[in-house]
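Everything on this sheet refers to the single structure shown next.
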Amino acid sequence: MNTRVKIAGVEFKNPVMTGSGTFGSGMEYGEFVDLNRLGAVVTKGVANVPWPGNPVPRVAEVYGGMLNAIGLQNPGVDVFIRRDLEFLKQFDTKVIVNVCGKTVEDYLEVVEKLGDQKRVDLLEINVSCPNVKEGAIAFGQRADALFDITSRIKKAAAQPVIMKLSPNVTDIAEMARAAEAAGADAISLINTITGMKIDIERRRFALANKTGGMSGPAIKPVAVRMVWQCANAVKIPIIGMGGIATAEDAVEFLMAGATAVAVGAMNFVNPYATREVADGLEAFLESHGISDVNEIIGCVK
-17 MNTRVKIAGV EFKNPVMTGS GTFGSGMEYG EFVDLNRLGA VVTKGVANVP WPGNPVPRVA
43 EVYGGMLNAI GLQNPGVDVF IRRDLEFLKQ FDTKVIVNVC GKTVEDYLEV VEKLGDQKRV
103 DLLEINVSCP NVKEGAIAFG QRADALFDIT SRIKKAAAQP VIMKLSPNVT DIAEMARAAE
163 AAGADAISLI NTITGMKIDI ERRRFALANK TGGMSGPAIK PVAVRMVWQC ANAVKIPIIG
223 MGGIATAEDA VEFLMAGATA VAVGAMNFVN PYATREVADG LEAFLESHGI SDVNEIIGCV
283 K
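Following the working numbering, the numbering of the sequence shown begins with -17 at its first residue and continues without gaps.
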């Protein structure tokens, strides 16, 4: 059985990846999941300098998922290279680094520092986080801004570039086309949907940030629809995510047109989720007499 897929010329042993921000940079889940079993580890967002993130409380449970307003807290690119990339060198899996910033120059600084890091296979550019007040979400909600930052990053990047799209837009296909026109090698979607929860007993917002990004099984139908729309709008590969909890969920995304999938919020509920989805995908292919996972990618038109 062939489970290998290709994105921007990079071959993955299977299409199952981790969702950025839900798996640390691999070390945090190493005792639960054999990272060699995954198609790729997608790291937590990496900025040019350390980010403290948003005030607490930053996480709240909701029906069918969770809200988070972490604010992309991270130790910065220098610590990431020294600590996390060094850790990942021991594993036979691809590494996709999620890059965040508040200005174009912030992104470019990280991209350039990662340029000579051989352990980095691809870059995922996060222009879609709803919990960063400056920069990121603005780039992800305007097609012209997305085109500009994508083209500038492509000129500076040594690795293939994946643009991570926000669902908090009027026309997701327009954003996908803008990323493709600017030279993106692939796109990933969806990031979280902006939501809110109110504590009715305390009469206050559940999150200090007031709003947060909703993830989890409840957003999966929206995510599948948007992946399908983008698959019909662009020719570059798509990494689908949003509410994947089982192998069957992953198959939906693949049939909608995603070349690979990322498991996100479910890692908080079940630390073995990525491994189970990878194993389950193989079981699905075998039980349906499918010898190559690529046969089902985009099979629903």
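C-beta atoms are modelled at their ideal positions from N, C-alpha and C, and glycine is treated no differently.
Checking 8 Å against the spacing of the C-beta atoms, do residue i and residue j come in under that value?
i: G53; j: G198; result: no
i: A232; j: L263; result: yes
i: G1; j: M223; result: yes
i: V38; j: A190; result: yes
i: V(-13); j: N214; result: no
i: G122; j: L90; result: no
i: V204; j: I172; result: yes
i: G21; j: N(-4); result: yes
i: D98; j: V77; result: no
i: A240; j: I220; result: yes
i: E156; j: V216; result: no
i: G271; j: T4; result: no
i: V31; j: G58; result: yes
i: V86; j: R124; result: no
What whole-angstrom Cβ distance do residue i and residue j have, given they're in contact under 8 Å?
i: V23; j: L17; result: 6 Å
i: G195; j: N36; result: 11 Å between Cβ atoms; not a contact.
i: Q211; j: I169; result: Not really, about 12 Å apart at Cβ, beyond 8 Å.
i: T193; j: T176; result: 5 Å
i: V143; j: N108; result: With 8 Å as the limit, V143 and N108 do not qualify as a contact, their Cβ atoms being about 12 Å apart.
i: G8; j: L70; result: 6 Å
Find the nearest neighbour of residue i within the set the options, judged by alpha-carbon distance.
i: V15; options: S269, G271, K283 and T256; result: T256
i: A298; options: V204, F266 and V92; result: The requested residue 298 is not part of the displayed model; the chain covers only -17 to 283.
i: A29; options: E13, E10 and D88; result: D88
i: T228; options: L70, A160, M248 and K95; result: M248
i: C281; options: A260, F235 and A265; result: F235
i: D261; options: Q141, I(-11), M(-1) and E68; result: M(-1)
i: Y11; options: A164, D74, M178 and N252; result: N252
i: E230; options: F266, I218, A238 and L70; result: F266
i: M237; options: E258, K283, L105 and I218; result: K283
i: F129; options: E106, L70, V259 and A166; result: A166
i: Q55; options: K95, I63, G6 and S269; result: G6
When burial is assigned at 16 or more other CB atoms within 10 Å of the CB, is residue i buried or exposed?
i: Q72; result: exposed
i: D66; result: buried
i: S273; result: exposed
i: P34; result: exposed
i: M145; result: buried
i: T152; result: exposed
i: V61; result: exposed
i: K202; result: buried
i: I180; result: exposed
i: E(-7); result: exposed
i: I(-11); result: buried
i: I182; result: exposed
i: E13; result: exposed
i: K100; result: exposed
i: E68; result: exposed
i: E106; result: buried
i: S110; result: buried
i: K137; result: exposed
Jot down the residue ranges of each uninterrupted beta strand (DSSP E) in the stretch -2 to 77, minimum 3 residues, whole runs only, in chain order.
-2 to 0, 22 to 24, 41 to 44 and 47 to 50
In chain order, what are the residue ranges of uninterrupted beta strand (DSSP E) at least 3 long that sit wholly in the stretch 217 to 278?
220 to 223 and 242 to 245
Taking only runs of the alpha helix (DSSP H) that begin and end inside the stretch 155 to 226, which ones reach a length of at least 4 residues, in chain order?
202 to 213
Write down every uninterrupted run of the beta strand (DSSP E) in the stretch 79 to 135 whose length is 3 residues or greater and which is fully enclosed by it, in chain order.
104 to 108
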